[in-house]
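S.K.: Have a look at this one.
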Amino acid sequence: MTVYDEFYGFHESPFSLLPDPGFFYTSRKHSKALNLLETAVFHQSDFCVISGEIGAGKTTILRKLLHRLDKRICVGLISNTHPSFIDLMGWILSAFEITPVSMQGIAMYHQFIDFVSEQFSKGQPTLLIVDEAQNLSMPALEQLRMLANINSGGNLLLQIILVGQKELRDMLRSQELESLTQRIAVNYFLAPLDEAETVAYINHRIVHAGGQVSLFDYGACAKIHEYSRGVPRVINHLCDMCLLCGYAENARTINADLIDSITSGQPLEIPDDENSTVMHAAGMAQSMLKPQTESIVEDKPVQPDALAAQVETPLPENRLDSILSALNKSSADIEASGVVSNDGLMLASRIPASLDEDRIGAMSSAILSLGNKTAQDLKLGRLEQVLIKGENGYVLMMNAGSEAIVTVMVKPKAKLGLIFLDIKRASEHI
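Shown next as structure tokens:
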């Protein structure tokens, strides 16, 4: 749920950054990738590879594939890949809910082979899907090939699908992995969407969520394609920012001017990890009613486990100070920033003593003016992001993990999309 859902008539958030097969858009590229995987699994091909840019939709394709597979297939999916094959074997056993009898690599290898053979005897082929496969070392990839050597005598006991970023495609071109490459039946690179596909993608998600297809005009969609380079996750992020800003501006349609207002005219790039949930806002408002005389104030920061036990444990000295300082310097439009726990405890703040008290008070009033339901949704984490417009600027809030949020006060004409990205990067280090 987002703060703008009701305003735009959505029954669910159209541009969530979490993979959702229900929102799967059948672009020519995504449909081809899915059909190739389905066909390869049906025809019992040894190895399949899907690669593409970060956020291209690879994980969504995997989830869609899992919904379509024959229920008799025993599937294991791992995304915690490691360069070491021993570590990888541990994750493989875990994916199939196998308890290791030994942590020795050779023992885990034989235990898995025994499991695959037993499944085959029951008429249940085994499918191993390795996500983020670009993180594997060359030796680990070669060991995966050897693992598939159980397939012999015309019987396919184990199929393996490798999914990863474009680096995976480059690795597989290495002469060192020639034996593996020769066994790959499907090797598909998922390219970004073109402009027409971007327009259709945006409209598809809006309609699926219950909105009107005319919400984003064509000019806005074209701008989004330009700034996102056609990468679905970046499209989602940018559309989400547009709707937040549109809601703040009471705009019923999104046009190209609004897109320009939240970007600097440059393509956007976002981190790989895009799982944000904004929680509590009122605590930050109360804490920022008056500017501090010093640049940073830290009040006994609390770790999440210790918070539950009511035990206060200090964070490393100057850690939050450095993070907030870097965040404030990232944009001249950021006026103040802070980190607040979801129960309203100010963990740290960077508020210049020169900042006008009325300015802070106005922004605090904007936060506190939220309705009771919205405030409760914030506290319970049912809202993904928050943007609040005041008389003299905005308050932006984003999840920082560990039951805390980063809150930033910005000037009225700030490039909000870029500042959200800066907050995102800062929150990853808290």
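Each residue of the sequence shown is one higher than the last, beginning at 1 in UniProt numbering. Positions of the beta carbon are idealized from the N, C-alpha and C atoms, including for glycine.
1. Would you check if the distance between the CB atom of K122 and the CB atom of S51 is smaller than 8 Å?
2. Does DSSP put Y247 in a helix, in a strand, or in coil?
3. With C-beta atoms as the reference, is Q124 less than 8 Å away from R72?
4. Does S354 come out as helix, strand or coil in the three-state DSSP assignment?
5. Specify the secondary structure class of F47 as computed by DSSP and reduced to three states.
6. Is the number of C-beta pairs between the stretch 137-147 and the stretch 22-32 that are closer than 8 Å three or more?
7. Output yes or no for whether 8 Å exceeds the beta carbon distance between F10 and T60.
8. I'd like the span of the beta strand (DSSP E) that includes V186, first residue to last.
9. Do you know offhand how far H208's Cα is from E226's?
10. Which residues in the same chain have their Cβ closer than 8 Å to the Cβ of Q44, if we skip the five residues on either side of it in sequence?
11. Among the candidates I129, A56, M108, K415, whose CA atom is the shortest distance from the CA of S79?
12. Taking the continuous alpha helix (DSSP H) assigned at A326, which residues delimit it?
13. Can you say whether N250 is buried or exposed, counting buried as having 16 or more other CB atoms within 10 angstroms of its CB?
14. Would you say the stretch 406-416 touches the stretch 332-343, given that touching needs at least three Cβ pairs under 8 Å?
15. Considering just the uninterrupted stretch of the alpha helix (DSSP H) at N203, what are its terminal residues?
16. State buried or exposed for V101, treating a residue as buried only when at least 16 other CB atoms are found within 10 Å of its CB.
17. Beta-carbon within less than 8 Å of R169's beta-carbon, same chain only, minus the 5 sequence neighbours each way: which residues are those?
18. Shortest alpha-carbon distance to Q182 belongs to which of S325, F47, G57?
19. Under the assumption that G90 contacts E132 (Cβ atoms under 8 Å), give the Cβ distance between them as a whole number of angstroms.
20. For Y247, which residues from the same chain have a beta carbon less than 7 Å from its beta carbon, with the 5 sequence-adjacent residues on both sides left out?
21. Measure the alpha-carbon distance for T39 versus P21 and round it to whole angstroms.
22. How many Å lie between L193 and P352 at the Cα?
23. If you drop the 5 nearest sequence neighbours on each side, which residues of the same chain put their C-beta closer than 7 Å to that of L215?
24. Got a sec, what are the start and stop residues for the beta strand (DSSP E) G57 sits in?
25. Which value, in whole angstroms, describes the spacing of the CA atoms of L77 and N236?
26. Between which two residues does the beta strand (DSSP E) harbouring I78 extend?
27. Restricting to Cα atoms, I'd like to know which of F85, S330, L258, A56 is closest to L18.
28. Taking buried to mean at least 16 other C-beta atoms within 10 Å of its own C-beta, is L42 buried or exposed?
29. Using the beta-carbon count (16 or more within 10 Å), is N149 buried or exposed?
30. Around the C-beta of V213, are 16 or more other C-beta atoms found within 10 angstroms, so that it is buried, or is it exposed?
31. R319: which of D240, E428, S330, V395 sits nearest, CA to CA?
32. Alpha carbons only, please: which of Y109, A222, S261, G230 is nearest the one belonging to M241?
33. Answer with yes or no whether the minimum CB distance from Y218 to chain C is below 8 Å.
34. Hey, quick one: how far does the beta strand (DSSP E) through S394 stretch, first residue to last?
35. May I have the straight-line CA-CA distance separating L418 from T263, to the nearest angstrom?
M.R.: Considering the structure as presented:
1. Working through the sequence shown from its first residue, we reach residue 122 at position 122. Working through the sequence shown from its first residue, we reach residue 51 at position 51. The answer is no: Cβ separation not under 8 Å.
2. Residue 247 sits at position 247 when you count from the first residue of the sequence shown. Correct three-state label for Y247: helix.
3. Start at 1 with the first residue of the sequence shown, and residue 124 comes out as number 124. Start at 1 with the first residue of the sequence shown, and residue 72 comes out as number 72. In contact: Q124 and R72 (Cβ atoms closer than 8 Å).
4. For the purposes of this step, residue 354 is taken as the residue at position 354 of the sequence shown. S354: coil per DSSP, three-state reduction.
5. Here residue 47 is taken as the residue at index 47 of the sequence shown, counted from 1. If DSSP states are grouped into helix, strand and coil, F47 belongs with the strands.
6. A contact between stretches requires three or more CB pairs, one per stretch, nearer than 8 Å, and the stretch 137-147 fails this requirement with the stretch 22-32.
7. Position 10 of the sequence shown, counted from the first residue, corresponds to residue 10. Position 60 of the sequence shown, counted from the first residue, corresponds to residue 60. Not a contact, by the Cβ cut-off of 8 Å.
8. The residue you call residue 186 lines up with position 186 of the sequence shown. It spans 184-190 - the beta strand (DSSP E) in which V186 sits, taken as one unbroken run.
9. By 1-based counting over the sequence shown, the position of residue 208 is 208. By 1-based counting over the sequence shown, the position of residue 226 is 226. Cα-Cα distance, rounded: 24 Å.
10. Here the question's residue 44 lines up with position 44 in the sequence shown. Cβ within range, chain order: P125, L156, Q159.
11. Reading the sequence shown from its first residue, position 79 is the one you call residue 79. Closest by alpha carbon: I129.
12. Taking the first residue of the sequence shown as 1, we reach residue 326 at position 326. Per DSSP, the unbroken alpha helix (DSSP H) holding A326 starts and ends at 319-329.
13. By one-based count along the sequence shown, residue 250 stands at place 250. By the Cβ-count criterion, N250 is exposed, with fewer than 16 other Cβ atoms from all chains shown falling within 10 Å of its own Cβ.
14. Because the criterion of three Cβ pairs below 8 Å is met, the stretch 406-416 and the stretch 332-343 touch.
15. Locating residue 203 in the sequence shown gives position 203, where the first residue counts as 1. Here the alpha helix (DSSP H) through N203 covers 195-208.
16. The residue given as residue 101 occupies position 101 in the sequence shown. That one is exposed.
17. One-based indexing of the sequence shown puts residue 169 at position 169. Closer than 8 Å at the Cβ level, and outside the excluded window around R169, lie V49, S51, N187, F189.
18. Position 182 of the sequence shown holds residue 182. Comparing Cα positions, the closest option is F47.
19. Within the sequence shown, numbered from 1, the residue matching residue 90 stands at position 90. Within the sequence shown, numbered from 1, the residue matching residue 132 stands at position 132. Between the beta-carbon of G90 and that of E132 there is about 16 Å, and that puts the pair past the 8 Å contact cut.
20. Numbered from its first residue, the sequence shown carries residue 247 at position 247. So the qualifying residues of the chain are V3, Y4, F7.
21. Translated into the one-based positions of the sequence shown, residue 39 becomes position 39. Translated into the one-based positions of the sequence shown, residue 21 becomes position 21. T39 and P21: Cα-Cα distance of roughly 19 Å.
22. Position 193 of the sequence shown, counted from the first residue, corresponds to residue 193. Position 352 of the sequence shown, counted from the first residue, corresponds to residue 352. Spanning the alpha carbons of L193 and P352 requires a straight line of approximately 44 Å.
23. Position 215 of the sequence shown, counting from 1, holds the residue named residue 215. Once the five neighbours on either side are set aside, the close Cβ partners of L215 are Y8, I206, T253, I254.
24. As a position in the sequence shown, residue 57 is number 57, starting the count at 1. DSSP places G57 in no beta strand (DSSP E); its state is neither H nor E.
25. Counting from 1 along the sequence shown, the entry for residue 77 is found at position 77. Counting from 1 along the sequence shown, the entry for residue 236 is found at position 236. Roughly 25 Å between the two C-alpha positions.
26. For the purposes of this step, residue 78 is taken as residue 78 along the sequence shown, with counting starting at 1. Here the beta strand (DSSP E) through I78 covers 74-78.
27. Numbered from its first residue, the sequence shown carries residue 18 at position 18. Nearest option by C-alpha distance: A56.
28. Along the sequence shown, read from residue 1 onward, the residue named residue 42 stands at position 42. Looking at the sequence itself, residue 42 is Phe, so the reference to Leu does not match. Exposed.
29. Position 149 of the sequence shown holds residue 149. Exposed: under 16 other Cβ atoms inside 10 Å.
30. On the sequence shown, residue 213 is found 213 positions in, with the first residue counted as 1. It counts as exposed.
31. Locating residue 319 in the sequence shown gives position 319, counting from the first residue. Comparing Cα-Cα distances from R319 to each of D240, E428, S330, V395, the minimum goes to E428.
32. As a working note, residue 241 is residue 241 in the sequence shown. Distance from the Cα of M241 is smallest, within the candidate group Y109, A222, S261, G230, for S261.
33. Of the protein chains in the structure, only one exists, and it is not chain C.
34. As a first step, residue 394 must be located in the sequence shown, where it is residue number 394. Sequence check: residue 394 is Tyr here, not Ser. Element bounds for Y394: 393-399.
35. Counting from one through the sequence shown, the residue named residue 418 turns up at place 418. Counting from one through the sequence shown, the residue named residue 263 turns up at place 263. Put simply, the backbone Cα of L418 is about 6 Å away from that of T263.
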